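Below is one structure, written out as structure tokens, with a few remarks after it.
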Amino acid sequence: MSERSRAGKPSKRRLAGRVLLALLVAWLVVDKVVSVVAAPPEVGHWRSAEGEQAYVRAYADVLAGLPPADEVLDVTSTYGTVRVLRWDGRDRGHPVVLLPGRSSGAPMWTENLPDWIGTRTVYALDPIGDAGLSSQRIPLASFEDQAEWISQTLTELGVARAHVVGHSFGGANAAILAVRHPGQVASLTLLEPVLVVQSLPASTYFWAMLTQLPVPQGVRDHALAQIGGTSVEEVRERTPMAALIDSATVHYAASLPMPRTLSDDEWRGLTMPVRADIAGTGSLAGGEEAAARLRALLPSATVTVWPRATHSLPMQERATLGPLLVEFWRANG
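Every position in the sequence shown, counted from 1, becomes a number in this note's numbering once 8 is added.
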């Protein structure tokens, strides 16, 4: 079943989000290639105190348009301290946990949070090992370690079960959490999850590598447009989120294990309600092929392909997707 995106020209914020998420995937792809010959994992860290301060300012700028979080927490896990933003809600069901894409942290959800704040308690996490206000103590040695720090964070928060939502890299982390700690996941929502359903297209590796080479800016912009399913003009849009991600890229040395494609048995073993939303244009989750795999392995799941959406689906389809997720959570506790 497919749902159409809203007609009309996207806002500048959504166009910029599309391009910025293309950047995130470019970095993710390059990391995956480099990891074949990389040294043992290290701890993600800021390259300088000045760089960290610049990022903190940009982080605050992006969140400035939202209602202030009801509580800002620093939660201890084996792998480090996790920064968590909590907004309280009126519904008494399971809380919602948001896992962002690469290099964006909790501010990634700025477009979506207005639809969810006040409905039920929402926790937005900054990842361990990636840019954000979390701090890493020991390396993440494997993809499975992503599940461990998230699980420990939920336990420390006193969250027995949660509706877990992840986009892109965060979607991969949400999926491995559901595999490793199914009892903590009341429902699973995967928004364009990378690698866990399907490998990335070969063309994405080509365009991503171009973004990392000393090529003319016009060539780099064209490559980013190809990854993001957008135009070169849209690549050049500038927003507070652009400043945030630029700062993360320049000043933070990330150390992250790459997601792996889950086996058929791992997908079949998921017993919680699952929703997967996949882009129909330039999908980095696998498009119709990924949707077909999930439908075959999880017949009870809600799998939607959005024909006009790209990898930036959460922002592009916010007006329709936001209420759909609220109803999905209500239907599942």
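Backbone N, C-alpha and C define an ideal beta-carbon position, used for all residues, glycine too. This one's a predicted model, so the numbers in the text were calculated from it and none came from an experiment.
Close beta carbons around residue i, own chain, < 6 Å, minus the five adjacent residues each side
i: Thr-197; result: Val-173 and Arg-283
i: Leu-81; result: Val-92
i: Ala-186; result: Val-193, Leu-196 and Leu-278
i: Asp-96; result: Asp-78 and Thr-129
i: Ala-299; result: Ile-286, Val-311 and Val-313
i: Trp-157; result: Ser-85, Tyr-87 and Ile-136
i: Ala-251; result: Ala-66
i: Ile-146; result: Tyr-87
i: Glu-164; result: Val-83
i: Val-70; result: Pro-115, Thr-118, Pro-248, Met-249 and Leu-252
i: Val-334; result: Thr-127
i: Phe-336; result: Arg-283
i: Val-44; result: Because Val-44 carries a pLDDT of 44, less than 50, the predicted location of this residue cannot be relied on, and no value is offered for it.
Where residue i falls: helix, strand or coil (DSSP)
i: Ile-125; result: coil
i: Ser-343; result: There is simply no residue 343 to check, as the chain begins at 9 and stops at 341 in what is shown.
i: Val-51; result: coil
i: Gly-178; result: helix
i: Leu-107; result: strand
i: Ala-339; result: helix
i: Ser-43; result: Note that Ser-43 scores 48 on pLDDT, short of 50, meaning its location in the model is unreliable; the coordinates nonetheless yield the value given after this. Of the three classes helix, strand and coil, the one that applies to Ser-43 here is coil, per DSSP.
i: Leu-71; result: helix
i: Leu-162; result: helix
i: Leu-148; result: coil
i: Ala-327; result: helix
i: Asp-138; result: coil
i: Ala-77; result: coil
i: Pro-115; result: helix
i: Gly-223; result: Checking the sequence shown, residue 223 turns out to be Val, not Gly. In this structure, Val-223 counts as coil in the three-state DSSP scheme.
i: Leu-332; result: helix
DSSP beta-bridge partners of residue i
i: Arg-91; result: Asp-82
i: His-102; result: The partner list for His-102 (beta bridge, DSSP) is empty, contrary to what the question assumes.
i: Ala-170; result: Val-193
i: Tyr-131; result: Arg-94 and Val-105
i: Ser-143; result: Thr-89
i: Leu-199; result: His-175 and Asp-285
Residues near residue i by beta carbon distance below 8 Å, same chain, minus five either side
i: Gly-59; result: Ser-255, Val-258, His-259 and Tyr-260
i: Val-42; result: Note that Val-42 has pLDDT 48, beneath the 50 cutoff, so the model's placement of it is unreliable and no number is given.
i: Thr-269; result: Leu-203, Val-204, Val-205, Gln-206 and Ser-207
i: Gly-191; result: Arg-169
i: Thr-161; result: Val-83, Ser-85, Val-90, Val-92 and Leu-133
i: Gly-16; result: Unreliable positioning characterises Gly-16 in this predicted model, as indicated by a pLDDT of 42, which lies under 50. A coordinate reading is not provided.
i: Val-188; result: Here residue 188 is Arg; the residue named in the question, Val, does not match the sequence. Hits under 8 Å: Glu-152, Ala-155, Glu-156 and Ser-159.
i: Leu-74; result: Thr-118, Leu-121, Pro-122 and Ile-125
i: Leu-332; result: none
Nonlocal neighbours in the same chain, by C-beta distance under 7 Å from residue i, ignoring five residues either side
i: Trp-54; result: Glu-60, His-259 and Tyr-260
i: Glu-297; result: Gln-206
i: Pro-224; result: none
Proximity test, residue i beta-carbon vs the ligand MG heavy atom, cut-off 7 Å
i: Leu-198; result: Within the structure as shown, the ligand MG is missing, as the structure has no ligands at all.
Residue i at chain D interface by Cβ criterion, 8 Å
i: Thr-312; result: This model lacks chain D altogether; it includes just one protein chain.
Contiguous alpha helix (DSSP H) assignments of at least 4 residues, all confined to the region 237-324
240-243, 248-259, 272-276, 295-305 and 321-324
Check your understanding: Would you say the region 176-184 touches the region 72-86, given that touching needs at least three Cβ pairs under 8 Å?
Key -> no
- Query: Quick check: the region 103-115 against the region 131-147, are there 3 or more CB pairs under 8 Å?
  - Reply: Yes, they touch.
**OP:** Count the CB pairs spanning the region 151-165 and the region 118-125 that are closer than 8 Å, and state whether there are at least three.
**Re:** no
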